[in-house]
Amino acid sequence: MWFAQEREIVEAVDLELDRQVEMPSGWRNRIAPSPIVNRTKNRSLVLLSGEGTTVPASEAKALFLAADPRSAFEAPEPRVLMADSEADPLAVGARIAFARRVGYLLRSPSDASGLLTGHRVRFRSFDLSPRRSQPNPDEYLEGVSAVVDLTDPEYELTLVRGRRDYLAVTAPSRMLQGWSHRRPRSRPFFHPSAIFPKLSRALVNMSRCKHGDVFLEPFAGTGSIAIEASLVGADVVAIDLADEMVRGASSNMKHYAQEWLGVVRADSVQLPVRRVHAVATDIPYGRASSTRGRPPQLMLKLLLPELATAMDHGSFLVLMHPRDVFVEPTSEFAIDEEHHLQVHKLLTRTITVLKRR
Ligand SMILES: C[S@@+](CC[C@H](N)C(=O)[O-])C[C@H]1O[C@@H](n2cnc3c(N)ncnc32)[C@H](O)[C@@H]1O
-14 MWFAQEREIV
-4 EAVDLELDRQ
6 VEMPSGWRNR
16 IAPSPIVNRT
26 KNRSLVLLSG
36 EGTTVPASEA
46 KALFLAADPR
56 SAFEAPEPRV
66 LMADSEADPL
76 AVGARIAFAR
86 RVGYLLRSPS
96 DASGLLTGHR
106 VRFRSFDLSP
116 RRSQPNPDEY
126 LEGVSAVVDL
136 TDPEYELTLV
146 RGRRDYLAVT
156 APSRMLQGWS
166 HRRPRSRPFF
176 HPSAIFPKLS
186 RALVNMSRCK
196 HGDVFLEPFA
206 GTGSIAIEAS
216 LVGADVVAID
226 LADEMVRGAS
236 SNMKHYAQEW
246 LGVVRADSVQ
256 LPVRRVHAVA
266 TDIPYGRASS
276 TRGRPPQLML
286 KLLLPELATA
296 MDHGSFLVLM
306 HPRDVFVEPT
316 SEFAIDEEHH
326 LQVHKLLTRT
336 ITVLKRR
C-alpha cells in the first residue's frame, strides 16, 4: 500500500503562538472523533508540545486523571508521555491545548490492523531530533487494509521518532479546536489583559473540569478562561467587578460559548455561588486590571477562604499569578503542583494547582 506522508521535525514553539490557522465549519460539534474506544485500560501516547515548561505534561496528566483517577504515567523522554488509563486518548486529544498528538499506543505495527481496517487513514511522522532518513510508511502499514485519505482522514497512524520509536493511532490534528478564531484580538470584545486561548484551555484542563461540571472563573476579564471551559462542556459562572468587563465577557461568551450559566457583576471575595466543581483563574495584578485597590497578596488571602466555601472537597483550583505573589497551603487547600512560565524577560507567571482538602 502506498502512503504519501507528511513529516515534521518538531521544534519548540512559543507558548502563546498558535500556528493552526483554519477552523473548518462544524468544529463546535466535533469534540471527539468516533472513537475506537474500549472501556478497559488503554496504553496511550501523548506527544507534548515543546514549550520547555512543565505545563504540557501537567495538562495531559490532569485530563487522564479527571477521567480515571487511577491513571499511571511514564515519561520516557522529554516530549513523550505514556499513560495507562481508562480515559479515551482521542477524547483527551480533542480538548488538550499543549500537545501535538494523543492516541492509542501500539505495541507493534501489526496492532494497527485491528484498529484501522476499513477506516480512512493517513501516515504522519514526527522527529524529535533532526534525522537524515525518511521513515518508510509501508513498513508500518503492511497488512492494514485501510483507505488512504490525505485530506480528510478519520485517523492517523502516527510515528514519533525520539530516542526510540513510538507508534500510535491518533486523531488527525488539533486544528478542529479553532484556537486562532478565539485569539484576544479576534473576539468581539478586546482588552489588553486578555490571555490566549491555549493557555486558558490548559488552565481549565489542569482544574480537571469535566463535561457538565459547574466551573467558576472569579476574575473573568474578557472571558478567556470562561470561554474555554464552556467549550469543553462545563456550566460556567464568570464573575467580574467591572461593568465594562461584565458586558465584554458576556458578548464574548455569546459569540463563542456553548454552556454557561451567566456572567455576574460581583466582588469575588464575596462569592454569589456555591457548589462549584472546578475553578481556574488569572488573578488581577498590575495596572491593566482594577482590583479595588487590593494588592494580589491580599486578594489571595481574602479569596481562598471564600472559594473554600464554594468548592467541593477533592476539587481543584488553578491560580495563575506573578511569581512574586506567594501561594501558601491553608487548612482548606493543599498545594498539588507549581509551574513557572516565562512570559517575557520581566514577567514570569506561576501556575499553582491547589486541591480542596
Ligand atoms: C487579569 S484580569 C483577567 C483577564 C482575563 N484572564 C482575560 O483573559 O481576559 C483581572 C480581572 O479581575 C477583575 N477583578 C478585580 N478585582 C475583582 C474582584 N474583587 N472581584 C471580581 N473581579 C475582580 C478586573 O476587573 C479584571 O477584569
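Heads up: the sequence shown is residues -14 to 342, going by this note's numbering.
Just so you know, even glycine gets a beta-carbon here, dropped at the ideal spot from N, CA and C.
- Boundaries of the beta strand (DSSP E) around Ser110: 105 to 112.
- When only Cα atoms are considered, Phe108 and Gly37 end up about 27 Å apart.
- Of Ser110, Ile81, Arg80, Leu50, the smallest CA-CA separation from Ser300 is found for Leu50.
- Remark: the C-beta of Met230 is in contact range of ligand 1, defined as less than 7 Å to any heavy atom.
- If you check the C-beta of Ser178 against ligand 1, you find a heavy atom less than 7 Å away.
- Annotation for Gly78: the continuous alpha helix (DSSP H) segment containing it runs 74 to 80.
- Per DSSP, Thr333 lies in no alpha helix (DSSP H); the unbroken beta strand (DSSP E) holding it starts and ends at 332 to 341.
- Taking 3 residues as the shortest admissible run, the segment 20 to 57 contains the following complete beta strand (DSSP E) segments, listed from N- to C-terminal end: 27 to 33.
- Take Val338, set aside five residues on each side of it, and the residues of its chain with a beta-carbon closer than 7 Å to its own are Met191, Phe301, Val303, Asp321, Glu322, in chain order.
- Looking at Ser185, Pro257, Leu331, the one whose alpha-carbon comes closest to that of Leu226 is Pro257.
- Here the C-alpha atom of Thr333 lies approximately 16 Å from the C-alpha atom of Phe181.
- Ranked by Cα distance from Ser236, the options Ala79, Phe175, Phe311 are led by Phe175.
- Burial check for Ser43: the Cβ neighbour count within 10 Å reaches 16 or more, so the residue is buried.
- Boundaries of the beta strand (DSSP E) around Leu152: 150 to 155.
- Contact annotation: Leu75 and Gly88 have beta-carbon atoms nearer than 8 Å.
- Taking 8 Å as the upper bound for CB-CB distance, Asp252 and Ala219 are not in contact here, some 23 Å apart.
- In the DSSP assignment, Ile210 falls within the alpha helix (DSSP H) that extends over 209 to 216.
- In terms of Cβ geometry, Val77 and Leu113 do not form a close pair [threshold 8 Å].
- Check the Cα spacing between Val31 and each of Ala79, Thr25, Lys195, Arg55: the tightest is with Ala79.
- Secondary structure within the segment 163 to 241: the alpha helix (DSSP H) runs of 4 or more consecutive residues, fully enclosed, are 182 to 191, 209 to 216, 228 to 241 (chain order).
- Closer than 7 Å to some heavy atom of ligand 1: that describes the Cβ of Ile210.
- If you ignore the 5 residues before and after Leu285, its C-beta comes within less than 8 Å of the C-beta of Ile268, Leu304, His306, Val310, Val312, all in its own chain and listed in chain order.
- Taking non-hydrogen atoms of ligand 1 into account, the C-beta of Ala131 is found less than 7 Å away from none of them.
- In the three-state DSSP reduction, Asp267 falls in the strand class (E or B).
- Contact between Ser93 and Ala68 is ruled out by a C-beta separation of about 19 Å, above the 8 Å threshold.
- Residue state for Thr143 is assigned as strand, using DSSP reduced to three classes.
- The DSSP-derived three-state label of Gln282 is helix.
- Straight-line measurement puts the Cα of Ser110 at about 47 Å from the Cα of Val249.
- For the pair Ala234 and Ala205, the CB atoms are nearer than the 8 Å cut-off.
- A residue is called buried when at least 16 other Cβ atoms come within 10 angstroms of its Cβ; Glu59 does not meet this threshold and is exposed.
- The alpha carbon of Arg86 has as its nearest neighbour, out of His324, Tyr270, Leu152, the alpha carbon of Leu152.
- Scanning Glu127, Lys195, Asp134, Ala187 for the CA closest to the CA of Leu33 turns up Ala187.
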